[in-house]
Amino acid sequence: MSEIRSDLHYTEEHEYLQGTDDESVYVIGITDYAQGELGDVVFVELPDTGVILQKMEVFGTIEAVKAVSDLYCPVEGEVIDINTDLDDDPSLVNSDPYGAGWMIRLRVSDPTEVDELLTPDGYAEHIG
Amino acid sequence: MSEELRQTALFDEHVRLGGKIVPFAGFGMPVQYPTGITEEHRIVRQRAGLFDVSHMGEFVVRGPDALTLVQRISINDPSRIAIGQAQYSAMCLESGGVLDDLLVYRFPDRFMLVVNASNLRKDWTWIVSHADDLDAELEDVSVDTALLALQGPAARQILTPLSSVDLERIGYYRFLEGEISGIPATISATGYTGEDGFELYVLAHQALALWTSLMQEGSSYGLVPAGLGARDSLRLEMGYALYGNELDEEHTPLEAGLGWITKLEERDFIGRDALLTQKRIGLARCLVGLVFEGRGFPRSGYPILSGGEIVGALTSGTVSPSLGVGIGMGYVPAHLSAQGTELQVNARGRMLDGVVVRPPFYTEGSIRR
């Protein structure tokens, strides 16, 4: 059974957003369900720090053994940090998707957009 | 899905083990278990893995003209197969395109043809249609036959205490009929991984008992069940062709690098004329192996380029779990097929630099030739 954390926001494309102490900054990664479906992650390609992402813009790709998937940024914002640990160990996405397997930190332009994302219950329903 | 997926005799066991079931050639088959494709691959290279490949098709050919029929459809020469030996071959259309690749087993009183599940109906129709004038009896025993592949450097140690026959008597591409854990089996020293190992043909209703016995005996050797994902990356590291990827009706065995099994002299078979002509004229394109530098994941279907021009496409690609680099195969014009030729692959807009090599990519396997 995939873990769905109660304190996160979700997208239909299987990203999560996790709030931080700074209310306009969110950590983005992919869900436990997504990593399970993708299988062994081999590469993660992430944007440069400082890049401004539009809502639903592709911000990276995730290469798993079985398939390659695009990563979508569900809200507009600026990339203020990326997880460079994934260069050396992309399998962190598999082993700890909600922790060490995070991907980018985003300074969200309009935090109210985050409230429009899926709730944990909504995401649970989405993945059936 | 319009059609219900078929299940092998081990389907419930795969589900019980947490196998991720995917549609493959009309069957629901485990692509991986919770161990994961990469780790299953590594364990087969280091210890041993157990694969259910019961979806493969088996046809039995008997009768006075059995050899004549196999001669007619097989590009390799079945008259050279000794009793107790298996031979890798292919069937071609008149055009020389590959209908399927197969294994031909010679028993004292019959041949057994082992074909790809995805081609089973097509192959059956083809063979039957070329047997009209012959005194040969054909039987499709696929449904009643299960096939387990025990592969890896520890496979022999695991199987030895369970086998009624001395495994050391079974040379590479040879087989014996015996019993494994009391279950009648055709014990074949063949495989698709580049590792030492055996393929075991048993009656479908005894497949679970055999699987359970092998897993139990193998537990102290670190044996794990391995899925189709690992099977694919293992075969690709060896440069073994896969029907539907490297092999199809549009490419000939000569183009696919199967000249070594194409026996054109002093015999006749379907497709021979086309292959002789192609051999005389020379190949316009051929299958090459590619090794890639740097980050990036080559995949089937990605365009191959030379000097900015598209010259072909990858038929298979992966990041080799054993080597840690991207590897792939694909058809390119013959003048670009020499070892060391530098080619590029367009991986969704990112250009990967590749160099032509002669497979196998992985050369450390435990396979005993």
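Protein sequences, first through last, are from chains Y and E. Heads up, the final residue of the first sequence is numbered 197 in the working numbering, and it's a clean run with no missing numbers. Heads up, the final residue of the second sequence is numbered 1039 in the working numbering, and it's a clean run with no missing numbers. Backbone N, C-alpha and C fix where the C-beta goes; we use that ideal spot for every residue, glycine too.
Notebook entry, point to check: Bridge partners of residue 976(E), per DSSP?
Noted result: Paired residue(s): 979(E).
Check: Cα separation between residue 996(E) and residue 130(Y)?
Finding: So the two alpha carbons sit approximately 17 Å from each other.
Notebook entry, point to check: Closer than 9 Å, CB to CB, is residue 152(Y) near chain E or not?
Noted result: Taking Cβ atoms only, chain E never reaches closer than 9 Å to residue 152(Y), which makes this a no.
Check: Which residue spans inside the region 673-706 of chain E form an unbroken beta strand (DSSP E) run of at least 3?
Finding: Fully enclosed beta strand (DSSP E) runs of 3 or longer: 690-694, 697-702.
Notebook entry, point to check: Where are the alpha helix (DSSP H) runs, 4 residues long or more, that stay fully inside the region 82-165 of chain Y, in chain order?
Noted result: The region 82-165 of chain Y contains these whole alpha helix (DSSP H) runs: 101-107, 154-157, 161-164.
Checklist line | Given residue 91(Y) as reference, the closest of 72(Y), 149(Y), 127(Y) once Cα atoms are compared | finding: Cα-wise, what sits closest to residue 91(Y) is 149(Y).
Check: Hey, how far is the Cα of residue 940(E) from the Cα of residue 155(Y)?
Finding: Approximately 53 Å between the Cα atoms of the pair.
Margin query: Residues of the region 737-755 of chain E in Cβ contact with chain Y at a cutoff of 7 Å, in chain order, please.
Written below: Those residues of the region 737-755 of chain E placed with their C-beta closer than 7 Å to a C-beta in chain Y do not exist.
Next item on the list: Identify the continuous beta strand (DSSP E) that holds residue 177(Y) and give its terminal residues.
Entry: Counting along the chain, the beta strand (DSSP E) containing residue 177(Y) begins and ends at 173-177.
Check: Expressed to the nearest angstrom, what Euclidean distance is found between the alpha-carbon atoms of residue 674(E) and residue 691(E)?
Finding: In this model, residue 674(E) and residue 691(E) are separated by some 13 Å (Cα to Cα).
Checklist line | CA-to-CA distance, residue 875(E) to residue 814(E), given in whole angstroms | finding: Their backbone Cα atoms lie some 8 Å apart in a straight line.
Check: Is it right to say residue 1029(E) is buried, meaning 16 or more other beta carbons lie within 10 angstroms of its own, or is it exposed?
Finding: Counting Cβ neighbours within 10 Å, residue 1029(E) comes out buried, since at least 16 surround it.
Next item on the list: Leaving aside the five residues before and after residue 152(Y) along the sequence, list all residues of the same chain whose C-beta is less than 6 Å from its C-beta, in chain order.
Entry: Here residue 152(Y) has 171, 172 as same chain residues with Cβ atoms under 6 Å from its own Cβ, once five neighbours each way along the sequence are excluded.
Next item on the list: May I ask you to list, following chain order, the residues of the region 877-904 of chain E that have a beta carbon less than 8 Å from some beta carbon of chain Y?
Entry: Cβ contacts with chain Y come from 899, 903.
Item checked: Interface residues of chain Y facing residue 967(E) [CB-CB closer than 7 Å] -> Those are 111, 112, 132, 137, listed as they occur along chain Y.
Notebook entry, point to check: Quick one: which chain E residues come within Cβ less than 9 Å of residue 108(Y)?
Noted result: Correct list: 690, 701, 702, 706, 707, 708, 899.
Note to self: Using a 10 Å radius around the Cβ and a threshold of 16 neighbouring Cβ atoms, would you call residue 710(E) buried or exposed?
What the structure shows: So residue 710(E) ends up on the buried side.
Next item on the list: Leaving aside the five residues before and after residue 107(Y) along the sequence, list all residues of the same chain whose C-beta is less than 6 Å from its C-beta, in chain order.
Entry: Cβ within range, chain order: 133.
Item checked: Listed by chain order, chain Y residues near residue 988(E) by CB distance under 8 Å -> Within chain Y, the residues near residue 988(E) are 134.
Next item on the list: State the DSSP-derived secondary structure class of residue 170(Y), mapped to helix, strand or coil.
Entry: It is coil, neither helix nor strand.
Notebook entry, point to check: At a Cβ cut of 9 Å, what residues of the region 1008-1035 of chain E count as close to chain Y, listed as they run along the chain?
Noted result: Listed by position along the chain: 1017, 1018, 1020.
Checklist line | Exposure label - residue 1021(E); buried when at least 16 CB within 10 Å | finding: With a 10 Å radius around the Cβ and a threshold of 16 neighbouring Cβ atoms, residue 1021(E) comes out exposed.
Notebook entry, point to check: Can the beta-carbon of residue 1013(E) be found less than 9 Å from the beta-carbon of residue 975(E)?
Noted result: For residue 1013(E) and residue 975(E), yes; Cβs fall inside 9 Å.
Note to self: Less than 9 Å between the beta carbons of residue 789(E) and residue 770(E), yes or no?
What the structure shows: Using a Cβ distance threshold of 9 Å, residue 789(E) and residue 770(E) count as a contacting pair.
Next item on the list: Can you give me the Cβ contacts of residue 983(E) inside the same chain, cut-off strictly under 7 Å, excluding the 5 residues immediately before and after it?
Entry: Counting only residues of its own chain and dropping the five nearest sequence neighbours on each side, residue 983(E) has a CB closer than 7 Å to the CB of 971, 972, 973, 974, 1000.
Check: Does the region 940-951 of chain E come within contact of the region 756-772 of chain E, defined as at least 3 CB pairs closer than 8 Å?
Finding: Under the three-pair Cβ rule at 8 Å, the region 940-951 of chain E counts as touching the region 756-772 of chain E.
Notebook entry, point to check: Using DSSP with H/G/I as helix, E/B as strand and the rest coil, what is residue 1020(E)?
Noted result: Residue 1020(E): strand per DSSP, three-state reduction.
Next item on the list: Determine the closest residue to residue 900(E) out of 932(E), 918(E), 883(E), 862(E), with distance taken between C-alpha atoms.
Entry: For the options 932(E), 918(E), 883(E), 862(E), the alpha carbon positioned closest to that of residue 900(E) is the one of 862(E).
Notebook entry, point to check: For residue 923(E), which of helix, strand or coil comes out of DSSP?
Noted result: If DSSP states are grouped into helix, strand and coil, residue 923(E) belongs with coil.
Notebook entry, point to check: Could you give the residue range of the alpha helix (DSSP H) that holds residue 799(E)?
Noted result: Per DSSP, residue 799(E) belongs to the alpha helix (DSSP H) from 790-799.
Next item on the list: Might you give, ordered along the chain, the residues of its own chain that have their beta carbon closer than 8 Å to the beta carbon of residue 828(E), omitting 5 neighbours on each side?
Entry: Residues of the same chain with a CB within less than 8 Å of the CB of residue 828(E), apart from the 5 flanking positions on each side, are 718, 820, 884, 887, 888, 891, 893 in chain order.
Next item on the list: Let me know if residue 121(Y) comes out buried or exposed under the rule of 16 or more other beta-carbons within 10 Å of its beta-carbon.
Entry: With fewer than 16 other CB atoms across the displayed protein chains lying within 10 angstroms of its CB, residue 121(Y) is exposed.
Check: In whole angstroms, what is the alpha-carbon distance linking residue 853(E) and residue 727(E)?
Finding: Straight across, the Cα-Cα distance linking residue 853(E) with residue 727(E) is about 20 Å.
Checklist line | Given residue 795(E) as reference, the closest of 689(E), 808(E), 694(E) once Cα atoms are compared | finding: Measuring from the Cα of residue 795(E), the nearest candidate turns out to be 808(E).
Margin query: Beta-carbon within less than 8 Å of residue 676(E)'s beta-carbon, same chain only, minus the 5 sequence neighbours each way: which residues are those?
Written below: Cβ neighbours of residue 676(E) beyond the five flanking positions: 696, 697, 698, 725.
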